[in-house]
Amino acid sequence: MSYIGQRKIKEVKETEDKTPGGTPIMEVSYEDGKKESLSKLMCKEIVSDKPCDLSELRDKRVRPIVAHTLAIFREWGLRMSELSYASTLLNASLENSQRQALLELWKPFQPTIQEYDEVDLIAMDKVLKQIKNEKSESILSPYKPETDNGKNQKQ
Numbered sequence: 015m016s017y018i019g020q021r022k023i024k025e026v027k028e029t030e031d032k033t034p035g036g037t038p039i040m041e042v043s044y045e046d047g048k049k050e051s052l053s054k055l056m057c058k059e060i061v062s063d064k065p066c067d068l069s070e071l072r073d074k075r076v077r078p079i080v081a082h083t084l085a086i087f088r089e090w091g092l093r094m095s096e097l098s099y100a101s102t103l104l105n106a107s108l109e110n111s112q113r114q115a116l117l118e119l120w121k122p123f124q125p126t127i128q129e130y131d132e133v134d135l136i137a138m139d140k141v142l143k144q145i146k147n148e149k150s151e152s153i154l155s156p157y158k159p160e161t162d163n164g165k166n167q168k169q
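Mapped onto the numbering used here, the consecutive letters of the sequence shown carry residue numbers 15 to 169.
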């Protein structure tokens, strides 16, 4: 039996997708029915024969990345005085990428959105309603689009 953290793996299969660097994307199916996409590199690092706690899983995920990052810094001869700036620039770049991806995800529900903080409750309710329509179980939300004036709402 194989695990990622505490979760038992049912199946791992390679998809047709690749990372920007060409690494295959793997689809991991768990015994609990959930699925996750991981790079083949990450799969090799974190899949094990024994379950582990979340701290150990995080360590398995992050240590190899740090090792590769330090190797790049050494190859380029990055100066110690530039480490803080490189870290700041890296974090800003990742935050910008995340913000842009979130904006793209929100556009079908709020086409005029320009910044993430412009997401309004109407768009949120559209998302929740769509998710509810795609699932058989209800979504926990304080707002129910098909409200009966609060008579039968679950808390």
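Note that beta-carbon positions come from the ideal geometry of N, C-alpha and C, so glycine has one too. Keep in mind that this is a model prediction, so the values were computed, not measured.
Separation of residue j from residue i, as counted between CA atoms
i, j, result
"residue 33", "residue 40", "10 Å"
"residue 52", "residue 44", "13 Å"
"residue 148", "residue 31", "25 Å"
"residue 111", "residue 126", "19 Å"
"residue 95", "residue 101", "11 Å"
"residue 177", "residue 37", "Because the chain spans 15 through 169 in this model, residue 177 falls outside it and cannot be assessed."
"residue 105", "residue 83", "14 Å"
"residue 136", "residue 120", "11 Å"
"residue 23", "residue 107", "33 Å"
"residue 70", "residue 139", "37 Å"
DSSP bridge partner residues for residue i (one or two, in chain order)
i, result
"residue 113", "Answer is none; residue 113 lacks a bridge partner."
"residue 26", "42"
"residue 50", "42"
"residue 32", "38"
"residue 130", "Bridge partners of residue 130: none, in fact."
Whole-Å CB distance - residue i paired with residue j, under 8 Å assumed
i, j, result
"residue 60", "residue 74", "5 Å"
"residue 113", "residue 99", "Going by Cβ atoms, the distance from residue 113 to residue 99 rounds to 21 Å, so no, they are not a contact pair."
Residues of its chain near residue i, where Cβ-Cβ distance is below 6 Å and the 5 sequence neighbours each way are ignored
i, result
"residue 168", "At residue 168, the pLDDT of 46 sits below 50, so the modelled position is not reliable; the number obtained from the coordinates is stated separately. Nothing listed; no residue qualifies."
Close Cβ partners of residue i (< 8 Å) along its chain, the five nearest in sequence each way excluded
i, result
"residue 134", "124"
Q) Three or more beta-carbon pairs under 8 Å between the segment 59-73 and the segment 16-36, yes or no? A) Counting C-beta pairs closer than 8 Å gives three or more between the segment 59-73 and the segment 16-36, which meets the contact rule.
Q) Pairing CB atoms from the segment 70-85 with CB atoms from the segment 48-59, are three or more of them under 8 Å? A) Segments in contact, yes.
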